[in-house]
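Working notes, beginning with the structure itself.
Numbering (the working numbering), first residue to last: 2 to 158.
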């Protein structure tokens, strides 16, 4: 299941398996539930978090993976994760077709912060179907765990 949002056509599609084309003016939003994952996920409702809640691993481990398939045109995209930071969160690496594109994105903070979005830009060389993967890879020295709390992953041109 997941959500695809197009600001060009103003559509929301729920419960869709992804191989979604992202056009020049589109944004792709994928909920945790849309992911292929190595972990069982749990939803917690919380009005303080973007969209009213967040997903997290039931038993967090270093090496947990979450992936989505998308079709992208060539161009520069902003890849983002909307979640929360806290004292028990992990660092994540981003992969595109198993090639590391962003390393060590740290989700630790001493106190909880809701609605945090961390982004980076990456250039897609050619149109095609890609697998985007987030992988838990270690933790901040001050963190007590490997949680990754999230509401959605976003890709936008």
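Beta carbons: idealized from backbone N, C-alpha and C, even for Gly.
query	result
Separation of residue 56 from residue 49, as counted between CA atoms	14 angstroms
Own chain partners of residue 65 with C-beta closer than 6 angstroms, once the 5 adjacent residues on each side are dropped	39, 40, 58, 137
Residue 51, DSSP secondary structure in three states	helix
Under 8 angstroms between C-beta atoms of residue 96 and residue 134	yes
Proximity below 8 angstroms, CB of residue 120 to CB of residue 81	yes
Span of the beta strand (DSSP E), counted from its first residue to its last, around residue 78	76-86
Alpha carbon of residue 127 to alpha carbon of residue 72, nearest angstrom	10 angstroms
Under the three-state DSSP convention, the category residue 153 falls into	strand
DSSP-derived helix/strand/coil call for residue 122	strand
Local Cβ density within 10 Å of residue 130, reported as buried at 16 or more and exposed below that	exposed
Alpha carbon of residue 114 to alpha carbon of residue 122, nearest angstrom	23 angstroms
For residue 117 and residue 139, believed in contact at Cβ under 8 angstroms, the rounded distance	Contact doesn't hold; Cβ gap of about 19 angstroms is too wide.
Supposed contact pair residue 69 and residue 154 - C-beta distance, whole angstroms, cut 8 angstroms	7 angstroms
Sequence-distant residues of the same chain with beta carbon closer than 8 angstroms to residue 112, five excluded per side	87, 88
Residue 145: first and last residue of the uninterrupted beta strand (DSSP E) it sits in	Taken as a continuous stretch (DSSP letters only), residue 145 belongs to no beta strand (DSSP E), as it is neither H nor E.
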